Amino acid sequence: MPKFNFLATTIGTVLGLGVVAAMPNAHAASLIPSREGEIKTNLGCFVPTTLCIDTTPLGYTVTSLDFDGAGGYGPSRLFVDDRATSNTYVGSSLKVSFGTKDAGTNTGVNEYWLRPVAITESGRLPENGQLEVGRFLFEFTKVMSEITLDFFDVEDIGTGVLLINSSPVGSSMLSAGKNNGIQTLTFYNVKSFEVQLGNAYSSKFPKYGDGVNLGIKGTPKAVPEAGTTLGLGALAVAGMFGLRQRKKSVLAG
């Protein structure tokens, strides 16, 4: 499992302050909403309001980016899907259908995954919305000390993380894997990441493309509790006072 460590500077600073042991323990939690519907992006939602999911309460926003520049695909839609149920989403100009059996990408039943929906530049939905490719920018309201990205069903090249905190990341594009397998990437000190899911121009699957779904777990950056911070400050002052007293004693001696 590839890991990209951006913690070196922060760890040095934290250890210098001596507050690591005093920080509250944080645990990774799923950042995927636990209900089905469309994720609200810069494109808005074409589904009814009750099915439009705002992710800001979870601490992040999503921007859908053009998939291939001047190619045939534009910005994709993004959904939360559980394969246990079939869903049809109807808007004024789009109709997306998810069955309990997909043409190629079949996640576990009773599991929530982020599912991209490819849209061509002309507004067409390949496979009635079952081509799971897209490019998205995730931006967190606060720095995440760690995020883990699970990529479901990567069977061809083209899927991976392009940017972390607006900077290119090396060796973060995934290799072709087994059908319905999961590949994982973990990053540290993350404020934003840009990810590409799937390959619409797959040579292995020229008819359907290589669809990929995404899972996200994250740990918010830990901060000292108010009382702990005050206590550390008092200890620092006491330490300085003790050092001064010791110097005076040595001089007096």
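Each residue of the sequence shown is one higher than the last, beginning at 2 in this note's numbering.
From the three backbone atoms N, C-alpha and C, an ideal C-beta is built for every residue, glycine too.
Please read all numbers here as calculations on a predicted model, not as lab measurements.
Discussion item. What does the alpha-carbon distance come out to for the pair Ala85 and Gly182?
Written reply: Counted from its first residue, the sequence shown places residue 85 at position 84. Counted from its first residue, the sequence shown places residue 182 at position 181. Spanning the two alpha carbons is a distance of roughly 18 Å.
Practice prompt. Find the nearest neighbour of Asn43 within the set Leu79, Pro221, Pro49, judged by alpha-carbon distance.
Written response: Position 42 of the sequence shown, counting from 1, holds the residue named residue 43. For the residues Leu79, Pro221, Pro49, the minimum Cα distance to Asn43 belongs to Leu79.
Discussion item. Could you tell me the alpha carbon to alpha carbon distance between Ala223 and Asn111, rounded to whole angstroms?
Written reply: Along the sequence shown, one-based indexing puts residue 223 at 222. Along the sequence shown, one-based indexing puts residue 111 at 110. Approximately 31 Å between the Cα atoms of the pair.
Worksheet entry | When Tyr74, Cys46, Gly212 are compared against Lys96, the one with the closest alpha-carbon | Start at 1 with the first residue of the sequence shown, and residue 96 comes out as number 95. Answer by Cα proximity: Cys46.
Item to complete: Pick out whichever of Asp211, Gly216, Ile217 has its Cα sitting closest to the Cα of Ala119.
Response: Residue mapping note: residue 119 aligns to position 118 of the sequence shown, counting from 1. Ranking Asp211, Gly216, Ile217 by Cα distance to Ala119 puts Asp211 first.
Worksheet entry | Check whether Gly92 and Val48 have beta carbons under 9 Å apart | By one-based count along the sequence shown, residue 92 stands at place 91. By one-based count along the sequence shown, residue 48 stands at place 47. Result yes, Cβ atoms of Gly92 and Val48 sit closer than 9 Å.
Practice prompt. May I ask you to report which of helix, strand or coil DSSP gives Ile183?
Written response: Taking the first residue of the sequence shown as position 1, residue 183 is located at position 182. It is a strand residue.
Discussion item. DSSP three-state label for Leu16, please.
Written reply: Along the sequence shown, read from residue 1 onward, the residue named residue 16 stands at position 15. Low confidence applies here, because Leu16 scores a pLDDT of 28, under 50, leaving its location unreliable; read the following figure in that light. Helix, per DSSP.
Worksheet item: Pick from Gln131, Glu147, Thr89: whose alpha carbon is nearest that of Asn29?
Response: Position 28 of the sequence shown, counting from 1, holds the residue named residue 29. In the sequence under discussion, the amino acid at residue 29 is Ala, which differs from the Asn named in the question. Of Gln131, Glu147, Thr89, the residue nearest in Cα terms is Glu147.
Worksheet item: How about Leu59 and Glu39: are their beta carbons less than 9 Å apart?
Response: Sequence index remark: in the sequence shown, residue 59 carries index 58 (1-based). Sequence index remark: in the sequence shown, residue 39 carries index 38 (1-based). A distance of 9 Å or more separates the beta carbons of Leu59 and Glu39.
Fill in: C-beta atoms of Phe153 and Val213 nearer than 9 Å
The residue labelled residue 153 in the question sits at position 152 within the sequence shown. The residue labelled residue 213 in the question sits at position 212 within the sequence shown. Yes, the pair counts as a contact, with Cβ atoms nearer than the cut-off.
Worksheet item: If you count every other CB in all the chains shown that lies within 10 Å of the CB of Gly124, and 16 or more means buried, which is it?
Response: Here residue 124 corresponds to residue number 123 of the sequence shown, with the count starting at 1. The residue in question, Gly124, is exposed, as its Cβ has fewer than 16 Cβ neighbours within 10 Å.
Fill in: Secondary structure of Thr106, DSSP reduced to three states
On the sequence shown, residue 106 is found 105 positions in, with the first residue counted as 1. Coil.
Discussion item. For Thr142 and Ser87, I'd like the C-alpha separation in whole angstroms.
Written reply: Residue mapping note: residue 142 aligns to position 141 of the sequence shown, counting from 1. Residue mapping note: residue 87 aligns to position 86 of the sequence shown, counting from 1. Cα to Cα, the separation comes out at about 33 Å.
Worksheet item: Since Gly199 contacts Thr160 with CB under 8 Å, what's their CB separation in whole angstroms?
Response: Within the sequence shown, residue 199 is the residue found at index 198, counting from 1. Within the sequence shown, residue 160 is the residue found at index 159, counting from 1. Rounded, the Cβ-Cβ distance is 6 Å, consistent with contact.
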